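Heads up: the structure comes next, in C-alpha cells.
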Amino acid sequence: MSISVELNRITKSFDTTIAVNDVSLTISPGELFFLLGPSGCGKSTLLRVIAGFYRPDAGMLKFDGMEMNNVPPHQRNTGMVFQNYALWPHMTVAENVAYGLVLRKMGKSEREEKIQSVLEMVQMVEYHDRPVNTLSGGQQQRIALARALVIEPSVLLLDEPLSNLDAALRQNLRDEIREIHKRTQITTIYVTHDQIEAISMADRMAIMKDGMFVQVGSPREIYQSPSDAFVASFVGETNFITGNIQNISDGNATIETPIGTLYSERIYHDFSPGQEVSCSIRPETIHLNGNTGINTFSAEIGAVTYLGRVEEYELILSDSLKLKAIIHDPGTKTGVTHDTINISLSPNAVIPLPKND
Ligand code: ATP
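Numbering (numbering that gives the first Met the number 0), first residue to last: 0 to 356.
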C-alpha cells in the first residue's frame with residue numbers, strides 16, 4: 000500500500016551551515032518525486048532526514064499522518080539506494096539482497112521466494128550466486144535497488160543512483176526504475192542534480208537552492224513557467240534579456256530593454272511599472288528569418304553548430320547581448336556566420352521573471 004510523506008517546516012543545520020531551511024511539502028501516495036538542485040543545496044540532507052539518519056532541528060516529518068521524528072531508521076520501512084551502491088563486495092548477490100530479510104528474521108524459504116521475485120524485477124536472476132565484486136557498475140546498482148525493494152518498503156529513497164554510470168546505461172536504468180515504480184507504486188523520493196533525469200522521470204519535483212524549495216511542480220509546469228531566473232536556467236537552457244517593465248495589464252506587458260521594446264503575453268508575477276526583470280527566452284522558441292512586426296530584431300549570426308537532430312545558432316544582437324537559438328530538424332541551413340538576419344520572439348515565449356540577487 001502506498002503512503003504519503005509530509006514535511007512540515009523541516010530544518011537541519013550542521014554547525015553554522017543551514018543545510019535544509021524550513022521546507023514544507025506533501026508527497027502523495029505512489030508519487031515519483033524528485034529533489035533537484037545544484038551541489039550543496041541540501042538534497043541529500045533532506046533525504047537522510049526522511050530516512051531517519053538525521054533528526055531535524057525543527058519541524059515534523061509524517062508518513063501517512065504518523066509522526067516519524069522519533070522513529071529510528073530501521074523502523075521506518077524505507078528502502079535506500081546510494082550513488083556508490085554500498086554493497087558487501089565479497090558476498091553474493093543473493094546474500095546482499097537477503098540482508099534486510101535476515102534482519103526481519105524471515106525464514107529461509109520465504110526469503111528465497113522474495114529474492115527470486117525481486118531479482119526478476121531488476122532482471123538479474125541468473126546472477127543469484129555471483130559475488131557482487133564481479134559485477135559491472137550497472138549490475139551492482141540493480142542489486143542495490145533489489146536490496147532496497149525486497150523489504151517491500153513504504154518509501155523508496157534514491158540518492159543520485161545513476162551518477163556513477165555511463166550515459167547509455169543511465170538511460171536504460173531510468174526507464175527500468177520508472178517501470179518498476181509503475182508496477183510497485185511505492186512512494187519514491189529521488190535526489191539528483193541531473194535535470195534531464197528529473198524532467199524525464201518525475202511526476203513532480205522540487206527545485207532546491209540554499210536549503211530551500213524555490214519551486215515545486217510537474218516537469219512541464221517548471222520548464223514552461225519557471226518561478227524565477229535561477230529555475231529557468233537550472234531546468235533546461237535559456238537566454239536572458241534584462242529590462243524594466245514599462246506598461247503592464249491583464250497578463251501582458253511591454254519591457255524596455257537595451258535592444259528595444261519587448262512584448263510579453265506571459266506575465267504571471269506581480270510586477271509593477273519600472274521594476275527590473277530578466278526575460279527568459281528558450282532557445283527553441285526563437286524564429287530565425289522571421290518578421291512578425293513585434294519583437295523582431297536584427298542579429299548577426301555567430302557560431303553555427305550542426306548536431307544532426309538540431310542546429311545551434313549564436314545570435315549577436317549587440318556587443319553585450321548574444322542569444323542561443325536551436326532549430327529542430329535542420330534540413331537546410333538557415334544562415335552562415337556573419338550573415339545578418341531578422342529574428343523574432345513570440346510574445347508567448349518571452350517570460351519576464353524576478354531577477355535573482
Ligand atoms: P550534492 O549534490 O553535492 O550531494 P546536496 O544538495 O546533496 O549536494 P548536502 O549533501 O545535503 O547537499 O549538503 C548541504 C550542505 O550541508 C552543504 O553545505 C554541506 O557541506 C553541508 N553538510 C552536509 N552534510 C554535512 C555534515 N555531515 N557535516 C557538516 N556539514 C554537512
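Ideal Cβ placement from N, Cα and C applies to all residues, glycine included. Computed from a predicted model, the values in this text were never measured in an experiment.
Beta-bridge partners of residue i, as assigned by DSSP
{"i": "residue 312", "result": "303 and 324"}
{"i": "residue 42", "result": "None; residue 42 has no bridge partner."}
{"i": "residue 118", "result": "According to DSSP, residue 118 bridges with nothing at all."}
{"i": "residue 78", "result": "155"}
{"i": "residue 22", "result": "9"}
{"i": "residue 198", "result": "Paired residue(s): none; residue 198 is not in a bridge."}
{"i": "residue 111", "result": "Answer by DSSP bridge pairing: none, since residue 111 is not bridged."}
{"i": "residue 339", "result": "299"}
{"i": "residue 331", "result": "According to DSSP, residue 331 bridges with nothing at all."}
{"i": "residue 254", "result": "244 and 261"}
{"i": "residue 280", "result": "238"}
{"i": "residue 204", "result": "33 and 216"}
{"i": "residue 344", "result": "285"}
Proximity of residue i and residue j at Cβ, strictly below 7 Å
{"i": "residue 191", "j": "residue 35", "result": "yes"}
{"i": "residue 279", "j": "residue 326", "result": "no"}
{"i": "residue 188", "j": "residue 156", "result": "yes"}
{"i": "residue 244", "j": "residue 254", "result": "yes"}
{"i": "residue 203", "j": "residue 32", "result": "yes"}
{"i": "residue 296", "j": "residue 258", "result": "yes"}
{"i": "residue 78", "j": "residue 152", "result": "yes"}
{"i": "residue 352", "j": "residue 277", "result": "yes"}
{"i": "residue 114", "j": "residue 131", "result": "no"}
{"i": "residue 298", "j": "residue 320", "result": "no"}
{"i": "residue 145", "j": "residue 118", "result": "yes"}
{"i": "residue 57", "j": "residue 10", "result": "yes"}
{"i": "residue 129", "j": "residue 92", "result": "yes"}
{"i": "residue 82", "j": "residue 162", "result": "yes"}
{"i": "residue 6", "j": "residue 19", "result": "no"}
{"i": "residue 281", "j": "residue 336", "result": "no"}
{"i": "residue 234", "j": "residue 222", "result": "yes"}
{"i": "residue 139", "j": "residue 102", "result": "no"}
{"i": "residue 63", "j": "residue 3", "result": "yes"}
{"i": "residue 348", "j": "residue 284", "result": "yes"}
{"i": "residue 48", "j": "residue 55", "result": "yes"}
{"i": "residue 68", "j": "residue 60", "result": "yes"}
{"i": "residue 365", "j": "residue 314", "result": "As displayed, the chain neither begins before 0 nor continues past 356, which places residue 365 out of reach and without an answer."}
{"i": "residue 355", "j": "residue 229", "result": "yes"}
Where residue i falls: helix, strand or coil (DSSP)
{"i": "residue 429", "result": "Because the chain here runs from 0 to 356, residue 429 falls outside it and cannot be looked at."}
{"i": "residue 15", "result": "coil"}
{"i": "residue 182", "result": "helix"}
{"i": "residue 61", "result": "strand"}
{"i": "residue 275", "result": "strand"}
{"i": "residue 262", "result": "strand"}
{"i": "residue 298", "result": "strand"}
{"i": "residue 286", "result": "strand"}
{"i": "residue 189", "result": "strand"}
{"i": "residue 94", "result": "helix"}
{"i": "residue 146", "result": "helix"}
{"i": "residue 351", "result": "strand"}
{"i": "residue 48", "result": "helix"}
{"i": "residue 4", "result": "strand"}
{"i": "residue 30", "result": "coil"}
{"i": "residue 177", "result": "helix"}
{"i": "residue 54", "result": "coil"}
{"i": "residue 102", "result": "helix"}
{"i": "residue 129", "result": "coil"}
{"i": "residue 134", "result": "coil"}
{"i": "residue 164", "result": "coil"}
{"i": "residue 172", "result": "helix"}
Cβ-based burial, residue i [other Cβ within 10 Å; buried from 16]
{"i": "residue 51", "result": "buried"}
{"i": "residue 112", "result": "exposed"}
{"i": "residue 121", "result": "buried"}
{"i": "residue 263", "result": "buried"}
{"i": "residue 227", "result": "buried"}
{"i": "residue 65", "result": "exposed"}
{"i": "residue 269", "result": "exposed"}
{"i": "residue 13", "result": "exposed"}
{"i": "residue 252", "result": "buried"}
{"i": "residue 186", "result": "buried"}
{"i": "residue 160", "result": "buried"}
{"i": "residue 43", "result": "buried"}
{"i": "residue 181", "result": "exposed"}
{"i": "residue 219", "result": "exposed"}
{"i": "residue 109", "result": "exposed"}
{"i": "residue 323", "result": "buried"}
- request: May I have a chain-ordered list of the beta strand (DSSP E) segments no shorter than 3 residues that lie completely inside the region 206 to 250?
  value: 211 to 216 and 238 to 248
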